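Listed in order, the protein sequences are those of chains G and S. Letter by letter, the first sequence follows residues 23 to 269 in our numbering. Letter by letter, the second sequence follows residues 23 to 269 in our numbering. Idealized CB from N, CA, C, for every residue including glycine. Bear in mind that the values here come from a model prediction, so they are computed numbers and not experimental data. Just below is one structure, and these are the notes that go with it.
Protein chains: 2
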Amino acid sequence: MTAGKGSIVKAGEAMGFKQLFDDDSSTYTYLLWDPSTKDAIIVDPVDIQVDRDLKEIESLGLNLVYGVNTHAHADHITGTGLLKTKIDGFQSVISDASGAKADIKIGPGDKIVFGSRSISVRATPGHTEGCLSYVADDESFVLTGDTLLIQGCGRTDFQGGSAEKLYNSVHSQLFTLPDETIVYPAHDYKGRTSAKLGDEKKTNPRLGEGKTESDFVEIMKNLNLSYPKKIDVAVPANMRCGVPDVE
Amino acid sequence: MTAGKGSIVKAGEAMGFKQLFDDDSSTYTYLLWDPSTKDAIIVDPVDIQVDRDLKEIESLGLNLVYGVNTHAHADHITGTGLLKTKIDGFQSVISDASGAKADIKIGPGDKIVFGSRSISVRATPGHTEGCLSYVADDESFVLTGDTLLIQGCGRTDFQGGSAEKLYNSVHSQLFTLPDETIVYPAHDYKGRTSAKLGDEKKTNPRLGEGKTESDFVEIMKNLNLSYPKKIDVAVPANMRCGVPDVE
Numbered sequence: 023m024t025a026g027k028g029s030i031v032k033a034g035e036a037m038g039f040k041q042l043f044d045d046d047s048s049t050y051t052y053l054l055w056d057p058s059t060k061d062a063i064i065v066d067p068v069d070i071q072v073d074r075d076l077k078e079i080e081s082l083g084l085n086l087v088y089g090v091n092t093h094a095h096a097d098h099i100t101g102t103g104l105l106k107t108k109i110d111g112f113q114s115v116i117s118d119a120s121g122a123k124a125d126i127k128i129g130p131g132d133k134i135v136f137g138s139r140s141i142s143v144r145a146t147p148g149h150t151e152g153c154l155s156y157v158a159d160d161e162s163f164v165l166t167g168d169t170l171l172i173q174g175c176g177r178t179d180f181q182g183g184s185a186e187k188l189y190n191s192v193h194s195q196l197f198t199l200p201d202e203t204i205v206y207p208a209h210d211y212k213g214r215t216s217a218k219l220g221d222e223k224k225t226n227p228r229l230g231e232g233k234t235e236s237d238f239v240e241i242m243k244n245l246n247l248s249y250p251k252k253i254d255v256a257v258p259a260n261m262r263c264g265v266p267d268v269e
Numbered sequence: 023m024t025a026g027k028g029s030i031v032k033a034g035e036a037m038g039f040k041q042l043f044d045d046d047s048s049t050y051t052y053l054l055w056d057p058s059t060k061d062a063i064i065v066d067p068v069d070i071q072v073d074r075d076l077k078e079i080e081s082l083g084l085n086l087v088y089g090v091n092t093h094a095h096a097d098h099i100t101g102t103g104l105l106k107t108k109i110d111g112f113q114s115v116i117s118d119a120s121g122a123k124a125d126i127k128i129g130p131g132d133k134i135v136f137g138s139r140s141i142s143v144r145a146t147p148g149h150t151e152g153c154l155s156y157v158a159d160d161e162s163f164v165l166t167g168d169t170l171l172i173q174g175c176g177r178t179d180f181q182g183g184s185a186e187k188l189y190n191s192v193h194s195q196l197f198t199l200p201d202e203t204i205v206y207p208a209h210d211y212k213g214r215t216s217a218k219l220g221d222e223k224k225t226n227p228r229l230g231e232g233k234t235e236s237d238f239v240e241i242m243k244n245l246n247l248s249y250p251k252k253i254d255v256a257v258p259a260n261m262r263c264g265v266p267d268v269e
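Okay, here's the thing in C-alpha cells:
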C-alpha cells in the first residue's frame, strides 16, 4: 500500500497573497496560493489585465486552478473567460444566485480548496443578489467584493440591489468576523488597499457604529449616482463569465 | 499552462468517518477521509488491531496519509509504528509537547490536511502534558482523546497530569465549540460511542454546569484509581510511536 496525499499547515503559516490593481476600473484582483504546492486561485480578474496576471502567475510559479468572481460586475469585464483559453483545465467559478454562466456554481458554506489552503464562501447579497464574500481559512482576511468597501459599500440601486439586504449581509456575515481580519475589497477609488475590519465596524460612515438599517437605507436612497459607463457591455458579458458571444 | 489542484467542498458535505473499537483497552480508533479523493488519516490506532484496520482501509478504498495520536497512551500500544511498516510513505504524528518520537510533531493551531479536508489541532493538556484534541474542518465533531470522555474525563494523576490544566483545557478549548458538535472520545467503558457537546457542557458530572475548578480538583483527588496494568510497557513504547526497541 502507498500513502495518500496530505500535509500539515503550521499555525500562523500565511497563505500566499498578491493584490493587483486595474487603473481603468479601480478594480482589485487577488492571487491566493498554497505556499507549499503553489496551487492557486485568482479572484476578480479583469479582461484587459490578463497578460499582466499571467506574467505574475509565471514569475511566482503558480498553478492556477480557479478563476473566482465575487459577483457579475457592472464596471469591467471579468478575465476568467480569457484565462480559460490560456490555462488547460482552469475553471471559472461564480455564485449560483448570480444566474451567470460558469464552470462551477457555488453558494454559502462551500469551500474553495487549492492545495492545502482554502477560502470559505459567505452569501452577502445587497449590491447584487449573487454577491459572495470569501473568508481565508485562518480568518486573517476577507475578500468583500462590492459588498463592503473601505469606508463605504457597493451601490444598491441596480442589478437586483437592495440596501436592506446589504446592511444585513454586512452585519450578519462580515462584522461577525474578528476585528483583526483584514478587509480586501474589489474596488477603491482613493488608493487605499486594505482596512482592518475592526476599524470598519467602528468608523464606516454608512455601516459603522450607530448606523441603523433605516439610517443606511436613507443614505443609499440619496446618493444620486450616475449610470455606470460600462454596465451595458460588462453585465451581459459577465453573465457568461467574460466569454464573448459567438455569432 | 496547466491548471493546479483544487476542489470545491460543498456546504454540509460530511467528511468520511468510521469509528472502530478495541475491546481489550476500550479504545476508539477513528478513520477520517476526503470522500472525493479518499485521502485519509487514522487517529489512535491500537497495535493489536492493525490487521483489522488495514482490512477496513482496503475495503473503503482509502489512501492513508498519517497516523495521528492524541497523546502517548498508557493503556495500549499505538498502531502507528506497525502501520509505517505496511504503507509506503505513511507518517506518524504526535504533539511536540508529548516529548515522544514521531515523523511529524504538531502543536496548537496546526492543521492536518488529507485531500481537501482537514482537522485542526487544539492543545488540551491535563491528562498528559502533550494531549491534543482535533476539531473537524466543519466543527461537526471533535476527537477529544482522554481529555473529555462521555460523562467523565481522563485521569490526571500520572504522566505529567494536572487537574487544573485539564479543567482549563476543557473549558477554554472544548466547551467553546458549538453545542451541536459531536464528542468522539478515545475511550468509553460503558458502550457509549459519542455524545453531543451541549449535553456534556450541561451534565458532565465532573466538568459540567456548576462545577468549579476547585470542585473538579477535589473530585480528581479522591478517585483512588488503580495503577494502569499496561503503563510500564505502553508508555515507553508510545514514546517511540509504537516502534519496538531494537536490541
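One finds nothing in chain G with a Cβ atom closer than 9 Å to the Cβ of residue 77 (chain S); even the nearest lies about 12 Å away.
Distance from residue 207 (chain S) to residue 50 (chain S) at the Cβ level is roughly 7 Å; contact confirmed, criterion being Cβ atoms closer than 8 Å. Look at residue 60 (chain G) here: in three-state DSSP terms it is coil, with no helix or strand label. Residue 88 (chain G) is bridged by DSSP to G:63, G:113. For the stretch 97 to 157 of chain S, the full-length beta strand (DSSP E) segments reaching 3 residues or more read 113 to 117, 126 to 128, 133 to 136, 139 to 145 along the chain. According to the DSSP secondary-structure assignment, residue 44 (chain G) is paired through a beta bridge with G:49. Per the coordinates, the alpha-carbon of residue 234 (chain G) lies some 12 Å from the alpha-carbon of residue 188 (chain G). If only uninterrupted alpha helix (DSSP H) runs of at least 4 residues are considered, those enclosed by the stretch 238 to 263 of chain S are 253 to 260.
Neighbourhood of residue 130 (chain G) in chain S, by CB distance below 8 Å: 33, in chain order.
In the displayed model, residue 76 (chain S) falls within a helix according to three-state DSSP.
Burial check for residue 80 (chain S): the Cβ neighbour count within 10 Å stays below 16, so the residue is exposed. In the same chain as residue 153 (chain S), and ignoring 5 residues on each side of it, the C-beta atoms closer than 7 Å to its own belong to 92, 93, 146, 147, 167, 168, 169, in chain order. In this structure, the beta-carbon distance from residue 111 (chain S) to residue 61 (chain G) does not fall below 7 Å.
For the stretch 136 to 156 of chain S, the set of positions with a beta-carbon nearer than 7 Å to some beta-carbon of chain G reads 136, 137, 138 in chain order. Taking one beta carbon from each stretch, the stretch 98 to 109 of chain G and the stretch 225 to 242 of chain G have fewer than 3 pairs nearer than 8 Å; the two do not touch. Cβ-Cβ distances below 8 Å link residue 161 (chain G) to 199, 200, 203 in the same chain, with the five nearest sequence neighbours on each side left out; the list follows chain order.
In the structure shown, residue 185 (chain S) adopts helical secondary structure according to DSSP, grouped into three states.
Boundaries of the beta strand (DSSP E) harbouring residue 166 (chain G): 163 to 167, taken from the DSSP string. Neighbours of residue 126 (chain S) in chain G, taken as residues at a C-beta separation under 8 Å, are given in chain order as 30.
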